[in-house]
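Start counting the sequence shown at 1; every next residue gets the next number (my numbering). Contents: one structure, followed by commentary.
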Amino acid sequence: MLTVKNGNFVRGIAFESRRRMVESEIGKEEFGNYLRWLAERDPFWKRNIIAPTMIPLDSFLMFNDGLITRYYHNDVRMYWKWGKSAAKWVLTDGPYREFMRKKDLHNFFLRVLPLIWGLYFTFGSASAEIHGKRLRVILDGLPKKHLYLEYAVMGWVEGATILKGERIEDIRAASVTRHRVVYDFILARYQKNRM
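See below:
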């Protein structure tokens, strides 16, 4: 039994999102083969994973890194693609589609982004600020520096921004350190009360 008192965990909803995407590309049987291979390296993966399952961060990163290596030629940009796809699934067909009712982009990111972060991770925080056409996303208190934590979350933000009807002119990494990631999304036409 895994106890979650202190530690860095990813909730099973992140696994479920990844499973759906990867299975659609490599097939259900091959995904099952991958999980069996992974379970030989990390006994955590011998169990069934459901949405509320608490997955140790290192196990989850191993899961994602293995997919990147085995099926995507070490292309770490897949983390970003998976983040965008996860936003589409979780906010349109998935369990958090009610969050799309927040009409205004400003309120959506100020209120929903921290909630979504907490539904996926037991560590750190996510916040957003909007100044003019700049949407700044801040991930703070990260337990380690890993491209998954940076790219998948920022890909999610890009996907959610597009779902909210905004066009993005530019995306810039403003600051990336071991425990903090800051990105600026420059929006094409954002006006606070437009939506």
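Every residue gets a Cβ at the ideal spot worked out from N, C-alpha and C, and that includes glycine.
Item	Value
Complete runs of the alpha helix (DSSP H) confined to the region 104-156 [at least 4 residues]	113-120
Check: G118 C-beta below 8 Å from any heavy atom of the ligand PLP	This structure does not include the ligand PLP; it has no bound ligands of any sort.
Local conformation of P43 per DSSP, three classes	helix
Buried or exposed by the 16-neighbour rule on C-beta atoms within 10 Å, applied to S85	buried
The alpha helix (DSSP H) enclosing A14, as first and last residue numbers	G12 to I26
Close-in-space but distant-in-sequence residues of the same chain around R19 (CB under 7 Å, 5 per side omitted)	F31
C-beta atoms of R178 and K145 nearer than 9 Å	yes
Selection from T92, T122, G83 and E25 that minimises the alpha carbon distance to L147	G83
Rounded separation between D58 and M154 - CA only	20 Å
Endpoints, the beta strand (DSSP E) within which L187 is located	R180 to L187
I68, enclosing alpha helix (DSSP H) - first and last residue	L57 to Y71
Residue from P43, I68 and L67 with nearest C-alpha to P56	P43
Under the three-state DSSP convention, the category D200 falls into	Here the chain covers residues 1 to 195 and nothing more, so residue 200 does not appear.
I168 - containing beta strand (DSSP E), residue span	I168 to V176
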